[in-house]
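Protein chains in written order, with my numbering: chain L, 1 to 322; chain G, 323 to 667.
Using N, Cα and C, we set each Cβ at its ideal position, and we do this for glycine too.
Let me begin by presenting the structure, written as structure tokens, before commenting on it.
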Amino acid sequence: MDNVTRLGLYKTMVLSRSFEEAILRDYHADKKPVWDIGAGLIPGEMHLSAGQEPVAAGVCAHLTANDAVTATHRPHHFAIAHGMDLKLLAAEIFGRETGVGKGRGGHMHLFDPSIHFSCSGIIAEGYPPALGQAFAFQRQGKDSVAVAVTGEGAVNQGAFHESLNLAALWKLPVVFVVEDNDWAISVSRDASTSVRSNAIRATSYGIRGTRIQDNSVEGVWDAAKTAIERARAGEGPSLIEVHTVRLWGHFEGDAQAYRNDLDTLIDPIPAYANQLESDGILTPELAKSIAEDAKARVDDAFEYAKSSPFPSAREVGKYVFA
Amino acid sequence: MVLIDTSSASVSTRRLTTAKAMVEGISQEMERDPSVFVLGEDVGAYGGIFSSTTGLLEKFGPHRVMDTPISETAFMGLATGAAVEGMRPIVELMFVDFFGVCMDQIYNHMAKIHYESGGNVKVPLVLMTAVGGGYSDGAQHSQCLWGIFAHMPGLKVVVPSNPYDAKGLMISAIRDDNPVVYMFHKGVMGLPWMAKNPRSLGPVPEKPYEVPIGKASVVRTGKDMTIVTLSLSVHHALDAADDLAQHGIDCEVIDLRSLVPLDREAVLESVSKTGRLLVVDEDYQSFGLSGELAAVVAETDPRLLKAPVSRLAIPDVPIPYSRTLEYAVLPTMERIVSAAKRVMA
Ligand SMILES: Cc1ncc(C[n+]2csc(CCOP(=O)(O)OP(=O)(O)O)c2C)c(N)n1
Ligand SMILES: [Mg+2]
């Protein structure tokens, strides 16, 4: 792996984290004194992806805007790594008319056709549409691929199993990604899944399955490279499961009383920074300028979002039909 | 999640949140009947995302309060199967919006088995589920959808609006020999982390009691107009009625409490008196509850009406995320007041 690629992965992760730290700040800022989920500049459920950046950065490094991603209820890291305009993303989260969904969708429902990006708040339901996008790419003679993401909790949903089988049967250019962060809200992986690895399940459907045990962005990058090249070459689907980490609550406001692993969590971003520093690729000065650059872009996007108008109530019925 | 602390006082004045009242109903039935058990996502240690099972795991253990994988088809069907064999499951669908992934188990199996078996097989279970919006949770987490469940023959549907009914309807639902869909609005639960109506905390007797399924309740009497509604909208309607009273409009407010069976008599009796009907419904407008109620009156005697039936419901758009848009479609107190004034005009 060359230095530019490694630094690129680092920058993507930092940008994503920087964005979510800003969300965190504004999400909670005006929900005081009595915390009310529906109040404030950013109301509603908020699922942040801090800790899971290696998965999105490692996979999306191999994609172009012509490739599709279907993400989950926890979509920001994939949206950012796949290149969604930060302004459009932020404005959507702030519920503004200038948002990527004109304020109609919100943080769990981001659709950006310019980069073939979508996500869903319904568990595992991003898998089937990814098959369709892959199918269309194939029929249209393109070498594009579709990446479908779920959490480890979602893999016990019928849509997951039906999709693996159909993708294998029709040899669709899909890469299934499972983010195993050990938790599905309060239910642990071991309390919900009968096998240790979803790579095994992939194999049983005739799909190449890989499990990455250590949340390493380079491990993800390697596995994704093979999987995406194979898909582009018409060799069919693959599944990559990454043992990653949910650093924060399931959603903001989650007290996480059920959680017994909080003091064992490793933040992958400083860990990667250390690795890059000891390899002589990153210096403290460079790290600082990467962080500042990310923050400037995020500030810009938030500025844009907050100064944008809200949708007009008179237009509430717009976009129900084409 | 932690609820407002209400542990005090004597029987008659004891006040509980709707969530606590529901849980108390479940708990008392679990003590009485060993065949009752609870299953669903995050119903164990978490206590239910909307506090519908708080404390049950601690009290009854993991043998009777079970977290499931996110496999709604499997555990919804499991509940049906267990009910067929004589158990009384309470199965939680975390948000009603998720019914899509398991509807076949609900409407083709749970709902129809009793009929298809010529009455030989019973499916005594409670499907409890959170409904409703108002806190910017977007199009996939804010719907009411009770019209869809009420549309399917074979499912009873109850929709409590306050703590007293929540407990009594839960007990009735558990004891009923049919599948009962028990739909609780997040906004009536009395959750400390969501804006709440003061009536989400109310008096609840300690002893077990039933609220009959299929009986509406007149929650305010009036002579000029009947507002028929349910769930969170009951509270908005009561607030609106207070406001309208100051403008000389005297509203009767009916809380349906059950959709199946529907208390047609209560609606007709009130409309016979007032001559005007406004239906307030947080579900989509077309092909739903509001049309059904208009039909009830029209089929009985349209001459009961001094003015056309009026409906205030979600105007057939997905629930938007942005607050300005969401509050343009929800039946708020202000919109009820305007709608009522139009009926009187
Ligand atoms: C069909 C369906 N069932 C339940 C839910 C509620 N829900 C939202 S996120 C979640 C847990 C998901 O866990 P996982 O797939 O591991 O993703 P993570 O949240 O850990 O990223 C659940 C149960 C849902 N959104 N859709
Ligand atoms: Mg998870």
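| message | Distance check for G83 of chain L and N3 of chain L, CA to CA, integer angstroms please. | response | 21 Å
| task | Starting from the C-beta of L325 of chain G, find all residues in its chain whose C-beta is less than 7 Å away, skip the five residues before and the five after it, and write them out in chain order. | result | Interpretation of L325 of chain G is limited by its pLDDT of 38, a score under 50 that renders its predicted location unreliable; no figure is taken from the coordinates.
| said: If you follow the alpha helix (DSSP H) that G327 of chain L is in, where does it begin and where does it stop? | reply: No answer is possible for residue 327 of chain L: the residues shown for chain L start at 1 and end at 322.
| Span of the alpha helix (DSSP H), counted from its first residue to its last, around P284 of chain L | P284 to K306
| field | CB contact check: H116 of chain L to chain G, cutoff 8 Å | value | no
| query | Is it right to say L566 of chain G is buried, meaning 16 or more other beta carbons lie within 10 angstroms of its own, or is it exposed? | reply | buried
| What's the call for Q140 of chain L, buried or exposed, on a 16-neighbour Cβ count within 10 Å? | exposed
| task | Along the alpha helix (DSSP H) that carries V665 of chain G, what are the first and last residues, could you check? | result | M655 to M666
| Whole-angstrom Cβ separation of G50 of chain L and W183 of chain L, contact assumed at under 8 Å? | Note on identity: in this sequence residue 50 of chain L is Ala, with Gly being the wrong assignment. With a Cβ gap of about 14 Å, A50 of chain L and W183 of chain L do not count as contacting.
| For S186 of chain L and chain G, any beta-carbon pair shorter than 8 Å? | yes
| said: Looking at the secondary structure, which residues open and close the alpha helix (DSSP H) in which M352 of chain G lies? | reply: T340 to R354
| query | Does the distance from the CB of Y486 of chain G to the CB of P525 of chain G come in under 8 Å? | reply | yes
| query | Taking Cβ-Cβ distances shorter than 9 Å, what residues in chain G pair up with Q157 of chain L? | reply | P391, I392, S393, E394, T395 and V423
| said: Are the CB atoms of G440 of chain G and G509 of chain G within a distance shorter than 8 Å? | reply: no
| task | Counting only the same chain and skipping the five closest in sequence on each side, list residues whose C-beta sits under 6 Å from that of P642 of chain G. | result | E648
| query | By DSSP, does E621 of chain G sit in helix, in strand, or in coil? | reply | helix
| Who are the near neighbours of G40 of chain L in its chain, counting only those whose CB is closer than 6 Å to its CB and skipping five residues on each side? | D30 and K31
| message | Is any non-hydrogen atom of ligand 1 found closer than 7 Å to the C-beta of E346 of chain G, if you look at the structure I gave you? | response | no
| field | Contacts that E285 of chain L makes with chain G (C-beta to C-beta distance below 8 Å) | value | None at all; the shortest Cβ gap to chain G is about 41 Å.
| field | Residue environment, R201 of chain L, which counts as buried when at least 16 other CB atoms sit within 10 Å | value | buried
| query | What is the DSSP secondary structure of C573 of chain G, reduced to helix, strand or coil? | reply | strand
| Amino acids of chain G, ordered along the chain, whose beta-carbon sits closer than 7 Å to that of H161 of chain L | The contacting residues do not exist; H161 of chain L stays about 10 Å from chain G at best.
| said: I'd like to know whether the C-beta of H76 of chain L is nearer than 8 Å to at least one C-beta of chain G. | reply: no
| Reduced DSSP category for P411 of chain G - H, G, I as helix; E, B as strand; rest coil | strand
| According to a CB-to-CB cut-off of less than 7 Å, which residues of the region 505 to 522 of chain G neighbour chain L? | W515, M516 and A517
| task | For T328 of chain G, collect the residues of the same chain with a Cβ closer than 7 Å to its Cβ; drop the 5 residues on either side in sequence, then sort them by chain order. | result | Unreliable positioning characterises T328 of chain G in this predicted model, as indicated by a pLDDT of 40, which lies under 50. The coordinate reading is nonetheless provided below. Counting only Cβ-Cβ distances below 7 Å, and skipping sequence neighbours, we find R337, L338, T339, K342 and L523.
| query | DSSP state of V155 of chain L, grouped into three classes? | reply | helix
| request: Taking only beta-carbon positions, decide if E241 of chain L is within less than 8 Å of chain G. | output: no
| task | May I ask you to verify whether the region 63 to 79 of chain L touches the region 118 to 125 of chain L, counting CB pairs closer than 8 Å and requiring at least 3? | result | yes
| field | Span of the beta strand (DSSP E) around S118 of chain L | value | F117 to C119
| How far does the beta strand (DSSP E) with K529 of chain G in it reach, from first residue to last? | First-last for K529 of chain G: undefined, no H or E at that position.
| said: Taking 8 Å as the threshold (beta carbon to beta carbon), is D364 of chain G in contact with chain L? | reply: yes
| Alpha carbon to alpha carbon, what distance is there between P75 of chain L and H243 of chain L? | 17 Å
| field | Paired residues, beta bridge with S238 of chain L - DSSP | value | L:V175 and L:R208
| request: Identify, in the order they occur along the chain, each residue of the same chain with its Cβ nearer than 7 Å to the Cβ of K318 of chain L, setting aside the five sequence neighbours on each side. | output: none
| Chain-ordered chain G contacts of P128 of chain L [CB-CB under 9 Å] | Simply none; closest approach about 11 Å.
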